[in-house]
Structure formats: C-alpha cells, structure tokens
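Structure first, then comments.
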Amino acid sequence: AQSVSQHNHHVILSEAASLELGCNYSYGGTVNLFWYVQYPGQHLQLLLKYFSGDPLVKGIKGFEAEFIKSKFSFNLRKPSVQWSDTAEYFCAFSRGYQKVTFGIGTKLQVIP
Amino acid sequence: EPEVTQTPSHQVTQMGQEVILRCVPISNHLYFYWYRQILGQKVEFLVSFYNNEISEKSEIFDDQFSVERPDGSNFTLKIRSTKLEDSAMYFCASLLGQGQTQYFGPGTRLLVL
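Residue numbers (the working numbering), protein chains in the order written: chain A, -18 to 93; chain B, 754 to 866.
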C-alpha cells in the first residue's frame, strides 16, 4: 500500500535555527510530491510541490524541498525559521489525478 | 485566487442523524475529493469523483456515506446515520486535471454526540 512516513512528529526550534523535516514515500512509480502547511486554526495550504524537472523546489516563505528519487525522499528545509512558522507540516504524494496520500504530520513549534 | 469553499464550518449532530456537508469546488475543475482528519491523526482519503461518478473510494467510505454533485457547482458528502467515530474535520478538494494541484477547502468540523 502506498504510504508516507514523516520522521519527526514534534519539533521545537528557536527562531533563526535551521529546519529539516524528513519525508519518505512508498511507491515505485512516478509521483507528485507536496508539502502542505496548516497554521493554527486555519486550513491546509500548499507550501510547495514537485511534479518533474529540477528536484530542488522552492516554495513560499523561504521553504524548499529536495526530491531524491533513489531514497524515495522529499525533505523540507528552511535555513532560518521564524515564530510565524509555527504550524503543522504534512508531506504528501499523489499519482496523476488520484487521491493525495498524507503523512501523519509534523508539529513545528518555534520559540521566540 | 479561486478557492474551494465549504459549509458549514462547524456542525454538531446527534448520533444516528443524517448530515450533509457541502462544498463548492473551483468552477472549472473536473475532479473532486473528500478527505477527513480525525483529531490528532493524519488526513485520510474518503472518495474521489469524476464525470458524475465515484472513481475511487477508501475502506472508510462505506454504505453510510454518499456523494453527489447535484447542480454542477455543489459537491456534497452525506453521512446517513452518524456515529461517534465520524467526528472529524472533513475537507473537500478539487483538481483541474492531471499535472495540476489539488486545492483544499477550509474544512467542516463535525462533532457527533
């Protein structure tokens, strides 16, 4: 069955620290990869996506992610987090027009 | 930017009652989805809908659930006889086509008492 693993369920960082959230997916074929963010009390928003091309993708708010096909990974990074990045982050993938499969999410808490 | 909208934002119902959750997908999109997120758990796929029929459904989507696109703009999820374990946030999503991104609505928080 296709699935997404997120390695860290809860991360606490100080402002200006660097962030890396791990994500691995299990599916052998071509996938579309996503990171969604859910700020407290708000709905899911797309942070960035990878469909094809350059495996290093840049999203909103200074986030980026790197697709490493050989490792089935799509890790999210940000060089310097801010308090406003406190949110829950979901890694996800889909195939074509089919359903999006989500990871369990990582709660990020940034301490001022 | 166009958005997926959902109503109501919150719904409280008694166990055994029927509920209808409504979604207005982005107007030119062709694929429609329902997901749910039980508190503290991950977002789970329920059903996808294309060309006026269900294209895929999960094990969760049993006979108590149904979907409909009654008028070309709304996309509804009906739960016929709600159970306590149906309490969750329900998200609608829509997609223009392959190679595009699914856009999610803000969700309806359903509480079954």
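Every residue, glycine too, gets a C-beta built ideally from N, C-alpha and C.
Computed from a predicted model, the values in this text were never measured in an experiment.
Query raised in the report: Along chain B, which residues have their Cβ under 8 angstroms away from the Cβ of Y20 of chain A?
Result: Counting from one through the first sequence, the residue named residue 20 of chain A turns up at place 39. Chain B residues near Y20 of chain A: none, gap ~12 angstroms exceeds 8 angstroms.
Query - Burial state of T82 of chain A, where buried means 16 or more other Cβ atoms lie within 10 Å - result: Reading the first sequence from its first residue, position 101 is the one you call residue 82 of chain A. Its Cβ being crowded by 16 or more others within 10 Å, T82 of chain A is buried.
Requested in this report: Under 8 angstroms between beta-carbons, which chain A residues line up against G858 of chain B? List them in chain order, please.
Outcome: Reading the second sequence from its first residue, position 105 is the one you call residue 858 of chain B. Simply H24.
Report task. At 9 angstroms on the CB atoms, spell out the chain A contacts of T758 of chain B, in chain order. Result -> One-based indexing of the second sequence puts residue 758 of chain B at position 5. Within 9 angstroms Cβ-Cβ: nothing; T758 of chain B doesn't reach chain A, min ~11 angstroms.
Query raised in the report: Can you find a C-beta in chain B that's less than 7 angstroms from the C-beta of G9 of chain A?
Result: Residue numbering aside, residue 9 of chain A sits at position 28 when the first sequence is read from its first letter. No - not a single Cβ of chain B is within 7 angstroms of the one on G9 of chain A.
Query raised in the report: Roughly how many angstroms lie between the CA atoms of P60 of chain A and E812 of chain B, to the nearest whole one?
Result: Your numbering for residue 60 of chain A matches position 79 in the first sequence. Your numbering for residue 812 of chain B matches position 59 in the second sequence. Straight-line Cα distance between these residues: approximately 40 angstroms.
Query raised in the report: Hey, L0 of chain A and W16 of chain A are a contact pair by Cβ (cut 8 angstroms); roughly how many whole angstroms apart?
Result: The residue given as residue 0 of chain A occupies position 19 in the first sequence. The residue given as residue 16 of chain A occupies position 35 in the first sequence. 12 angstroms between Cβ atoms; not a contact.
Query raised in the report: Buried or exposed: T11 of chain A, going by 16 or more other Cβ atoms within 10 Å of its Cβ?
Result: If you number the first sequence from 1, residue 11 of chain A lands on position 30. Answer is exposed; the Cβ neighbour count stays below 16.
Requested in this report: Decide yes or no for the touch test of the stretch 842 to 852 of chain B against the stretch 772 to 788 of chain B: beta carbon pairs closer than 8 angstroms, at least 3 of them.
Outcome: yes
Query raised in the report: What are the start and end residues of the beta strand (DSSP E) that includes S801 of chain B?
Result: As a position in the second sequence, residue 801 of chain B is number 48, starting the count at 1. Counting along the chain, the beta strand (DSSP E) containing S801 of chain B begins and ends at 796 to 803.
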